[in-house]
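Here is the structure we will look at.
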Amino acid sequence: MKRLLLSVGLAVCPTLAVTQQPTTANLSLADALALARAHNPLYRQALHDRSPAGWAARNAWSSTFLPTLTASGGIGYSGSGQQRFLTANFSQNVSTLSSSYGLFLDWALNGQTLTQIPLKHAQLSAADADVAGAESNLITGVTQQYLSVLQARDNADVARKELDRNEQFLKLAQARYDVGRASLIDVRQAQVARGQAEVALLRAETGLQLEKLRLFQQIGVTPPVDVATVQLTDTFAVQTPAWQLGDLLTMAEGQNPALKALRAREGAASWGVRAATGAYTPSVAVSASWSGFTQKLSDIGPTIAGVRFGAQQDSIACEYHNTAWLNAGQTALPCGANTTLQEQAIRDQNSAYPFHFTPQPFQARLTISIRKPGVPHRHDRLPHDRDPRHEPHGGPRAAAARHRALPGRLGHVFRATGRPSGAAAGGERLCERRLRLSQGGRRARSSGGAAAAVTRGRDRHVQA
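Residue numbers (the numbering used here): 2 to 465.
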């Protein structure tokens, strides 16, 4: 039984010893470079910086020769109440819902936009040069570190051989001391030499592991296994270089990646100067816009009531004309107060919300401008084509000032022509109502009451 257990133990122990031995991982220089290209952070950053430059070069063609199309849409809500604009008060009895759309087409061309294509391609060439320089630095760094690991490995082998030699010297000194041919000092010196060799071997092995870690750091990955099991497989023959200093300088001037990248950056910078100079060339800008809107009153009862009341007032005024102003024998004016069509028009307009838009007039603009050096330059694109607040011939304040001055001018005209002051007063009231309609904006377009007020003011002006 004891012989059987002994034989089983002898058979199993070698197998366990073989399975417990650490497996070695071989790493060649080509594999190290391939891993570095895939994982090195600096090289990947250079590749990442090249991608925006490539898209900018592609976009330069479309942004130069193709117009910019902008589509917008929105919905809005305005509650009932009163608001004040400058010196005028505007009231709204009911809340309104609104929706709108807009299509804006813009295109501009000048010397600066024409130089964008060569500028972006020069920047792309500079980015390619940066990538080539990063790849060259990567290959150089990984190769140098690979050689550093081989050097550290050879230093460890030399230290290991030195330790073996010192151990042999210690044995020899101990044997000579035993036969009386050497003193105890010789033995102690041999022991000190062996200890120093052990320390040197420990430092060499530690340096080897450190150089391997630096190699993986240069590659950009974490060691998948213990660095002690990583073995480098490539070897290099030592040769005497036959280069001359002039040849090296010529080669570096024509092929150095960092120098080529700087030259590419210089070319891109020169195109940037041309682009900045092109901003002072004549500029041509074309813009067009299509827009529409629709509104809905939350309650159309007050609007319909205002239309009916206005029709009644017009009917009373018409009857007064027929009875007091017309001579005998003339045909009387029709004084009907039927508002069915107007009420139906208000209902139809109110039911157009939210997608049955009322189109606005098409707008197009061609602008030719020249920028003078030292004068602040507005962007080539016209912002007032997009923002309704930017009106031609001045902003909203200038328009409001013109509307406020219009009644006074109209009064001067009436007084100069000898018309009665009542006509001037009627003209002032008519202009005030027009001002309210224009400053009320889109809310007043869908309201029938404001339109009826303008009609009544016009009739009173005619009567006066």
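C-beta: ideal position from N, C-alpha, C; glycine also.
- A distance below 7 angstroms separates the beta carbons of residue 160 and residue 205.
- Remark: C-beta atoms of residue 40 and residue 268 do not approach each other more closely than 7 angstroms.
- About 5 angstroms separates the Cβ atoms of residue 54 and residue 124, confirming a contact at the 8 angstroms cut-off.
- In the three-state reduction of the DSSP assignment, residue 27 falls in the strand class.
- The beta carbon of residue 143 is closer than 7 angstroms to those of 33, 34, 37, 219, 220 in its chain, skipping five residues each way along the sequence.
- Where residue 108 is concerned, the enclosing beta strand (DSSP E) starts and stops at 97-110.
- Going by DSSP, residue 207 is part of the alpha helix (DSSP H) stretching over 185-220.
- Across the structure, residue 88 and residue 75 are spaced so that their CA atoms are roughly 30 angstroms apart.
- With 16 or more neighbouring CB atoms inside 10 Å of its own CB, residue 292 falls in the buried class.
- Between residue 228 and residue 26, the C-beta gap is not smaller than 7 angstroms, which leaves the two residues out of contact.
- In this structure, residue 265 sits away from residue 134, with a CB-CB distance that is not shorter than 7 angstroms.
- Segment contact: the segment 107-123 against the segment 57-71, three or more CB-CB distances shorter than 8 angstroms; contact assigned.
- About 22 angstroms separates the beta carbon of residue 196 from that of residue 153, a gap too long to meet the 8 angstroms contact definition.
- Look at residue 367 here: in three-state DSSP terms it is strand.
- A check of alpha carbon separations from residue 58 across 140, 306, 116, 122 identifies 122 as the nearest.
- Beyond the five residues adjoining it in sequence on each side, residue 178 comes within less than 8 angstroms, by CB distance, of 184, 185, 187, 188 in the same chain, given in chain order.
- For the 7 angstroms CB-CB criterion, residue 52 and residue 235 do not form a contact.
- Taking 3 residues as the minimum length, the beta strand (DSSP E) runs contained wholly in the segment 275-302 are 284-298, in order along the chain.
- Rounded to whole angstroms, residue 90 and residue 351 show a C-alpha spacing of 25 angstroms.
- When DSSP states are grouped into helix, strand and coil, residue 149 belongs to the helix group.
- Measuring C-alpha to C-alpha distances from residue 71 to each of 349, 290, 127, 146 identifies 290 as the nearest.
- Annotated three-state conformation of residue 372 is coil, per DSSP.
- Between residue 216 and residue 150, the CB-CB gap stays under 7 angstroms.
- Leaving aside the five residues that flank residue 128 on each side, the residues in its chain whose CB is nearer than 7 angstroms to its CB run, in chain order, 50, 51, 54.
- With contacts defined as CB atoms closer than 7 angstroms, residue 367 and residue 274 fail to qualify as a contacting pair.
- Counted as a single uninterrupted DSSP element, the stretch harbouring residue 90 is not any alpha helix (DSSP H) but the beta strand (DSSP E) occupying residues 89-93.
- The three-state reading of DSSP puts residue 85 in strand, counting E and B together.
- Apart from the 5 residues on each side of it in sequence, residue 84 sits with its Cβ closer than 7 angstroms to the Cβ of 91 in its chain, given in chain order.
- In its chain, beyond the 5 residues on either side, 289, 290, 291 have a beta carbon closer than 8 angstroms to the beta carbon of residue 363.
- Nearest in C-alpha terms to residue 117, of all of 131, 370, 246, 277, is 277.
- With 16 or more other Cβ atoms inside 10 Å of its own Cβ, residue 298 counts as buried.
- Excluding the 5 residues flanking it on each side, residue 370 has same chain C-beta neighbours closer than 6 angstroms at 284, in chain order.
- Our two residues, residue 171 and residue 190, have alpha carbons roughly 8 angstroms apart in a direct line.
- For residue 78, same chain residues with a beta-carbon under 8 angstroms away, outside a window of 5 residues either side, are 96, 97, 98, 99 in chain order.
- Under the three-state reduction of DSSP, residue 247 is assigned to helix.
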